[in-house]
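Everything below concerns the one structure shown next.
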Amino acid sequence: MEYLPVRGLTAALVLSISCAASADPSIAHDAETTRADSHAPLGVMGDHLHLQGEWMFSYRYMHMSMQGNRSGDERISADEIVTTQANPFFGAPMQPPTLRVVPTEMNTDMHMLGAMYAPADWLTVMVMSSYIEREMEHITYAGGAGTTELGRFTTKADGIGDTSVVGLVRLFDRGNHRAHLHVGGSLPTGSNTERDTILTPLATTPRVRLPYAMQLGSGTFDLLPGVTYNGGHQDLGWGGQYRGTLRTGDDNGYSLGDAHELSAWLSYQVRPQLSGSMRIKYHTLAQIDGIDARIAAPVQTADPDNYGGDNVQLLFGLNWAGQSGWMAGKRIAVEAGIPLLRDLNGPQMESDFVVTAGIQISL
Ligand SMILES: [Cu+2]
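Our numbering puts the first residue of the sequence shown at 12, with every later residue one more than the last.
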């Protein structure tokens with residue numbers, strides 16, 4: 012791999028070189044790979060292609076924090092949930108008329124490993140898998156009614172998540188405008204039968220199958236279509252992406268809802284090796300279709316209707332790209348986001364904060 016001597020040159024010069032050389036894609040791309048902003052903000056998956064024969068390996072760590080509950084776009088307290096929300100399992104043995112267990116906090120940590128390889132300039136193949144750790148805290152209210160707290164408990168699940176295989180197919184690459192399609196899917200390598208011990212309103216502590224939100228995989232083969240556009244002019248960069256997650260079939264009696272995600276971002280190159288970004292992300296998820304007969308408890312997360320909704324997030328990121336010597340081909344990036352809008356099929360836990368940090372190494 013060759014690198015143009017961009018160090019010390021102004022961004023405008025780098026850009027004019029890559030524009031002038033755009034008839035020769037290898038030169039154009041090499042100029043781009045040394046710009047921090049030639050990769051989108053870190054949370055955007057499959058944002059770039061590689062040159063024929065290039066490999067890239069990446070590690071991303073993501074933490075998501077959820078606190079409190081929401082129904083529609085309004086917050087709802089634990090006391091309100093157990094006095095106003097019907098238990099869909101009421102009528103079955105030992106099932107009270109209203110919900111009696113409320114999740115109060117959830118933390119998700121994901122370690123994502125990815126590999127990219129380009130068999131041709133117009134095609135990059137991306138494989139990604141993850142190790143997921145989920146933890147959820149709950150309050151259990153005593154008996155069949157009222158707001159007397161019986162106790163609190165935490166459930167945990169960890170293990171391998173689903174594995175995605177996606178081909179990124181170049182649509183066009185003209186001057187400062189590039190776009191590609193995403194064609195691929197997700198294999199159900201993550202478990203959806205994780206179990207842990209809970210505290211029931213009758214003070215028993217059975218070990219049960221955990222609700223959908225705590226499971227590690229979708230259980231289904233999912234299609235992952237998408238399209239990404241990247242553009243730039245001098246120190247400014249911009250881009251947009253659509254990605255879908257479309258479930259096929261079902262597993263254990265259900266399938267998770269389809270998801271659609273739209274992102275638009277702007278970046279500013281401070282130096283060739285450093286850029287900052289701002290991104291707005293819209294994510295919509297449908298309710299769960301069907302039900303797992305082994306997930307039944309007077310808790311909102313056991314009800315397939317209490318899944319999905321609309322989220323809008325505002326995210327800020329930094330990209331750093333090594334320029335020469337042993338740092339060439341290495342990148343570090345971070346992106347963190349806060350919610351702007353949450354409209355949830357509730358009651359449901361709300362997402363409050365998400366941060367992703369990662370390293371990428373090209374060979
Ligand atoms: Cu890559």
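Glycine is no exception: its CB is placed at the ideal position from the N, C-alpha and C atoms.
So which of the options has the shortest CA-CA distance to residue i?
i: Asp169; options: Glu205, Pro199 and His149; result: Glu205
i: Thr115; options: His188, Gly162, His193 and Ser141; result: Gly162
i: Leu273; options: His50, Thr200 and Met56; result: Met56
i: Arg2; options: Ser229, Ala275, Gly251 and Gly248; result: Absent from the structure is residue 2, since the part of the chain shown begins at 12 and ends at 374.
i: Ala224; options: Pro358, Met73 and Tyr318; result: Tyr318
i: Asp207; options: His149, Asp173 and Val238; result: His149
i: Val176; options: His188, His193, Asn187 and Lys341; result: His193
i: Glu65; options: Asn203, Thr239 and Tyr128; result: Tyr128
i: Ala304; options: Gln252, Phe100 and Gln359; result: Phe100
i: Val345; options: Gly369, Ser362 and Met121; result: Gly369
i: Ile302; options: Gln245, Asn203, Thr109 and Ser288; result: Asn203
i: Thr166; options: Pro222, Asp314 and Asp184; result: Pro222
i: Ala156; options: Ile209, Met338 and Pro107; result: Pro107
i: Trp276; options: Met289, Ala332 and Phe364; result: Met289
i: Gly54; options: Thr45, Met67, Met75 and Arg46; result: Met75
i: Leu235; options: Gly195, Trp133 and Val138; result: Gly195
i: Thr119; options: Gly328, Ser362 and Ala131; result: Ser362
i: Arg145; options: Thr151, Met77 and His188; result: Met77
Short of 7 Å in beta carbon distance, which residues of its chain neighbour residue i, apart from the five on each side in sequence? Order them along the chain.
i: Asp354; result: Gly83, Asp84, Gly320 and Asp321
i: Asp35; result: For Asp35, the predicted model reports a pLDDT of 36, less than 50, meaning its position is unreliable; a value from the coordinates is still stated below. Counting only Cβ-Cβ distances below 7 Å, and skipping sequence neighbours, we find nothing.
Spatial neighbours of residue i within its chain, please: C-beta separation below 6 Å, excluding the five flanking residues on both sides.
i: Asp262; result: Gly230 and Thr231
i: His40; result: In this prediction, His40 scores a pLDDT of 43, lower than 50, which makes its location untrustworthy; the coordinate-derived value is nonetheless stated afterwards. Taken in chain order, the residues that qualify are Leu62.
i: Leu296; result: Gly268, Ala270 and Gly319
i: Val323; result: Tyr293, Leu351 and Leu352
i: Met121; result: Met73, Ser141 and Ile143
i: Thr239; result: Asp58, His191 and Gln252
i: Pro315; result: Ile299 and Ile302
i: Gly287; result: Tyr279 and Leu329
i: Gly243; result: Asn187
i: Val366; result: His74 and Ala347
i: Thr135; result: Leu60, His61, Met127, Ala129 and Leu179
Residues in its own chain within less than 8 Å of residue i by CB, not counting five upstream and five downstream?
i: Thr200; result: Ser140, Ile171, Gly172, Asp173, Thr174 and Gly228
i: Gln311; result: Asn80, Ile92, Gln96, Leu110, Val113, Pro114, Asn317, Gly357, Pro358 and Gln359
i: Gly19; result: Summary for Gly19: the model assigns pLDDT 38, below 50, so the residue's position carries little reliability, and this model does not support an answer.
Any heavy atom of ligand 2 closer than 8 Å to the CB of residue i?
i: Gln226; result: Here the bound small molecules are ligand 1; ligand 2 is not part of this structure.
Any beta carbon of chain B sitting closer than 9 Å to that of residue i?
i: Gly154; result: Note that chain B does not occur in the displayed structure, where there is just one protein chain.
Original post:
Around ligand 1, which residues pass a check of Cβ closer than 5 Å to any of its heavy atoms?
Top reply: Met67 and Met127
**OP:** Within the stretch 186 to 232, note down every full beta strand (DSSP E) run reaching 3 residues or more, in order along the chain.
**Re:** 188 to 198, 206 to 208 and 218 to 220
**OP:** Jot down the residue ranges of each uninterrupted beta strand (DSSP E) in the stretch 315 to 362, minimum 3 residues, whole runs only, in chain order.
**Re:** 320 to 332
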